[in-house]
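Enquirer: Dropping a structure here in structure tokens format, bear with me for questions.
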Amino acid sequence: YADVVRMMTDSLVDNEAMRFGECAVSLGFVTPDDVTLALARQVRRKIVSCLQWTRVERGFDPDVRALSKNNRYPCAPKPLLVEGIRKFFDSTRLLPVLGPHLQKYLLLEGRADEVATRCGFSDREEACLTTMDGAATLADVLTSGGPGGLSGAETALLLGSLVLLEEVSVHD
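Adding 4 to a residue's 1-based position in the sequence shown gives its number in our numbering.
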């Protein structure tokens, strides 16, 4: 660590800023693939952690060039959102999402295996998706857990994810 920091400091003196990963690679501590993987994980953690906030401010920067500067570590958004929902949502945060739809019927937007892949769901969650054919209400699925044998909390998180990601339609 000290060698990497020393190299970074020396590069600043020479008017050439080096990132930690670049220095670690040039000193032979890690490979470029190690750095890429670590940075992708870091981006993933940062995006998922955004879902912990219950109060947010948002804005929009219409400058398309802003996207091209930092688009080096793309992540599939739906699995990230599912991960964040699992990690940071509880019954208090799920109630406004699920409550208005409890007596409505659920219809999955696509085949269960496709939705499961798109969202990063487990095999047990995928099994539960097969019950969302328009014949059961959200309350029915929530109480039964479906064929995947999910707990009530797991089912609520799954249903919340599906509603928020618009992977299920709800109708009377």
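Glycine included, each C-beta is placed from N, C-alpha and C at the ideal position.
Tell me the rounded alpha-carbon separation between Phe-24 and Val-9.
Expert: About 7 Å.
Enquirer: In angstroms with no decimal places, state the Cα-to-Cα distance between Glu-118 and Lys-82.
Expert: If you take the alpha carbons of Glu-118 and Lys-82, they lie about 12 Å apart.
Enquirer: Pairs of beta-carbons, one from the segment 131 to 150 and one from the segment 105 to 114, closer than 8 Å: are there three or more?
Expert: yes
Enquirer: In this structure, how does DSSP classify Leu-111 when only helix, strand and coil are distinguished?
Expert: strand
Enquirer: Which residues share a DSSP beta bridge with Asp-137?
Expert: Leu-111
Enquirer: Span of the alpha helix (DSSP H) holding Ser-126?
Expert: Taken as a continuous stretch (DSSP letters only), Ser-126 belongs to no alpha helix (DSSP H), as it is neither H nor E.
Enquirer: Exposed or buried, Ser-165, counting other C-beta atoms within 10 Å across all chains shown (16 or more means buried)?
Expert: buried
Enquirer: Between which two residues does the alpha helix (DSSP H) carrying Val-145 extend?
Expert: 142 to 148
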